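Participant: Sequential numbering from 343 applies to the sequence shown in the numbering used here.
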Amino acid sequence: AVLPNGDVLDLNRTLRKDNTGYDLKQLFVGAEGTLGVVTSVAILLPPKPKSVQLALLALPDFNACLEMFSRARSNLGEVLSAFEFLDRASME
Numbered sequence: 343a344v345l346p347n348g349d350v351l352d353l354n355r356t357l358r359k360d361n362t363g364y365d366l367k368q369l370f371v372g373a374e375g376t377l378g379v380v381t382s383v384a385i386l387l388p389p390k391p392k393s394v395q396l397a398l399l400a401l402p403d404f405n406a407c408l409e410m411f412s413r414a415r416s417n418l419g420e421v422l423s424a425f426e427f428l429d430r431a432s433m434e
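As structure tokens, this is what we get:
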């Protein structure tokens, strides 16, 4: 961040947890530019999955969709990362 007097404050660390003192990064973000201007960010992204599996199922009604979701969640656990429902009107 660049302070109003021109000083550069380097808060660009990727440390995940730090309970010592004030969280200056969040203070600058919450101040919406009144304390200084944020000039760079560090983003921690999850690793790209090694593989992706996709299934598109046609089910007769919403209750069948709920049953399928329950089965998928109980059988796949954390492997299941998304489950979407599309009705006939949204497909047309």
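All C-beta atoms, glycine included, are put in the ideal place defined by N, C-alpha and C.
All values derive from a computational prediction rather than experimental measurement.
Which residues mark the beginning and the end of the alpha helix (DSSP H) in which residue 367 is found?
Facilitator: Stepping through the sequence shown from its first residue, residue 367 is reached at position 25. Where residue 367 is concerned, the enclosing alpha helix (DSSP H) stretches over 366-372.
Participant: Can you pull the DSSP bridge partners for residue 344?
Facilitator: In the sequence shown, residue 344 corresponds to position 2, counting from 1. Answer by DSSP bridge pairing, in chain order: 350 and 379.
Participant: Could you check whether residue 353 and residue 367 sit closer than 8 Å to each other, using their CB atoms as the reference points?
Facilitator: Translated into the one-based positions of the sequence shown, residue 367 becomes position 25. Translated into the one-based positions of the sequence shown, residue 353 becomes position 11. Closer than 8 Å, so yes.
Participant: What residue range is occupied by the uninterrupted alpha helix (DSSP H) comprising residue 418?
Facilitator: Sequence index remark: in the sequence shown, residue 418 carries index 76 (1-based). Unbroken alpha helix (DSSP H) run through residue 418: 404-418.
Participant: So is residue 424 buried or exposed if we call it buried at 16+ other beta carbons inside 10 Å?
Facilitator: Here the question's residue 424 lines up with position 82 in the sequence shown. By the neighbour-count rule (16 or more Cβ atoms within 10 Å), residue 424 is not buried but exposed.
Participant: Between the alpha carbons of residue 402 and residue 411, how many angstroms are there, rounded?
Facilitator: Taking the first residue of the sequence shown as position 1, residue 402 is located at position 60. Taking the first residue of the sequence shown as position 1, residue 411 is located at position 69. Their Cα atoms are separated by approximately 14 Å.
Participant: Counting along the chain, where does the alpha helix (DSSP H) carrying residue 432 start and finish?
Facilitator: For this step, residue 432 is matched to residue 90 along the sequence shown. Per DSSP, the continuous alpha helix (DSSP H) segment holding residue 432 begins and ends at 430-433.
Participant: Could you tell me the distance, in whole angstroms, from the CA atom of residue 397 to the CA atom of residue 426?
Facilitator: Taking the first residue of the sequence shown as position 1, residue 397 is located at position 55. Taking the first residue of the sequence shown as position 1, residue 426 is located at position 84. Whole-angstrom Cα-Cα distance: 10 Å.
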